[in-house]
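The sequence shown begins at 910 in my numbering and counts up one residue at a time. Note that beta-carbon positions come from the ideal geometry of N, C-alpha and C, so glycine has one too. Predicted model, so just to flag it, every value in this text is computed and none were measured.
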Amino acid sequence: MKKPKVVIYSIIALICLFLMFAVDWLFIIPAVILSVLSQKELMKK
């Protein structure tokens, strides 16, 4: 695994998406933040 941080961000974002459907739509906010963070992490060299 080259980018373990991105994998962790993705797993947490998926959990937030599941919680968004199961509990409350506000869980979309951390999912969006985590996807932006992982995108920045992937763009870094």
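- In this structure, DSSP gives K914 a helical state, which the three-state scheme calls helix.
- The C-beta of A940 has 16 or more other C-beta atoms within 10 Å across all chains shown, which makes the residue buried.
- The beta carbon of V915 is closer than 7 angstroms to those of S947, E950, L951 in its chain, skipping five residues each way along the sequence.
- Boundaries of the alpha helix (DSSP H) harbouring K949: 937-952, taken from the DSSP string.
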